[in-house]
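Visitor:
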Amino acid sequence: PVFLAAFIVLLIGDWVVAGFASKKLMEDRLGNMSMIAADSLPYFLETGQNLLTNYADELRLNTDVNSIPQVLSEYFEAIPFFSSFFVLDEKGDVLQNFPMDSEYPTEIDELAVVDLALGGAKIQTCILTPLESSQSARVAFVARIVDSNQYTTGVLIGITDLMSNPFTRSAILAIQAVEKNGGEGWILDDESRVIFHSDPKEVMKRHFGSGGETTRFYEISVPGESPKYIFQQRASGKPWAVVLSIPSVEV
Numbered sequence: 017p018v019f020l021a022a023f024i025v026l027l028i029g030d031w032v033v034a035g036f037a038s039k040k041l042m043e044d045r046l047g048n049m050s051m052i053a054a055d056s057l058p059y060f061l062e063t064g065q066n067l068l069t070n071y072a073d074e075l076r077l078n079t080d081v082n083s084i085p086q087v088l089s090e091y092f093e094a095i096p097f098f099s100s101f102f103v104l105d106e107k108g109d110v111l112q113n114f115p116m117d118s119e120y121p122t123e124i125d126e127l128a129v130v131d132l133a134l135g136g137a138k139i140q141t142c143i144l145t146p147l148e149s150s151q152s153a154r155v156a157f158v159a160r161i162v163d164s165n166q167y168t169t170g171v172l173i174g175i176t177d178l179m180s181n182p183f184t185r186s187a188i189l190a191i192q193a194v195e196k197n198g199g200e201g202w203i204l205d206d207e208s209r210v211i212f213h214s215d216p217k218e219v220m221k222r223h224f225g226s227g228g229e230t231t232r233f234y235e236i237s238v239p240g241e242s243p244k245y246i247f248q249q250r251a252s253g254k255p256w257a258v259v260l261s262i263p264s265v266e267v
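Using our numbering, the letters of the sequence shown correspond one by one to residues 17 to 267.
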């Protein structure tokens, strides 16, 4: 009996050690994947802001209005970042757009970003609802247009999404890699909204995993579901975050 008791203690000890080791291994794996995904987000945001600011600086509404679509076409072809452009006049009315069949997202008017741009805000970023059945919300970059005297004469809006944008490709691939191994992943904005998820029904929902920590690893248990390991990684210098999840039974 003494030997049996000692054997059981050793066996339980081995299980505990193995459990801690596998948990640490999963933390490291999810941490590496989330870091890869999160690292692309600041570049995406900074590139969008810089591009649209430069485009707005080049665009002058005191030129021939009919030439604006050609200018927008050149922007569209030069760097495959934005999927559509809209130029608004000093009253906030749509003046031109590209591609020509692009539909202006009226919800942007409810966010007051156009009013802020007309009031002098140089560049802003806001989240728009996704197109039907899309896994990604749309991201709108909004820049003011000024004349040679630096008076605001209009607004330039560039719209893209995380699924198609080349600057977020590594983030999407990292999330898809986790999904292939039985897990899931999503991207959160500064308001804890899901702005990318493999399940379109989850996009734009408020979600957990958006605490103030730069990184966070923990296990959760939801009734009726397998326990999950969660790893959250905030983007460096930005309020967005990547969250990766995998069932702990997979470890």
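A virtual CB, placed ideally from N, CA and C, is assigned to each residue, including glycine.
1. Are L260 and L46 touching if we call contact CB-CB under 8 Å?
2. Going by DSSP, what residue range makes up the alpha helix (DSSP H) through S89?
3. For the 8 Å Cβ check, are there 3 or more pairs between the region 228-245 and the region 169-176?
4. Compute the beta-carbon to beta-carbon distance between P216 and Q151, rounded to the nearest angstrom, for a pair I have assumed lies under 8 Å.
5. Do L67 and F97 come within 8 Å of each other at the CB atom, strictly closer than that value?
6. If you draw a straight line from the alpha carbon of S50 to that of G199, how long is it in whole angstroms?
7. Could I get the ranges of all uninterrupted beta strand (DSSP E) runs contained in the region 167-252, with 3 residues as the minimum, in chain order?
8. Using only alpha-carbon positions, find the residue among N48, L41, A53, K40 that is nearest to A257.
9. Do the region 98-109 and the region 174-187 make contact, defined as three or more Cβ pairs closer than 8 Å?
10. Quick check on this structure: which residue in R250, E148, K40 has the alpha carbon closest to the alpha carbon of E207?
11. Could you give the C-beta distance for I124 and L144, rounded to a whole number, given that I count them as a contact under 8 Å?
12. Can you pull the DSSP bridge partners for Q151?
Guide: Let me spell this out:
1. yes
2. 84-94
3. no
4. 6 Å
5. Yes, these two residues count as a Cβ contact at 8 Å.
6. 13 Å
7. Complete beta strand (DSSP E) runs here, min 3: 168-177, 200-204, 210-213, 231-236, 244-250.
8. A53
9. yes
10. R250
11. 6 Å
12. As computed with DSSP, Q151 is found in no beta bridge at all.
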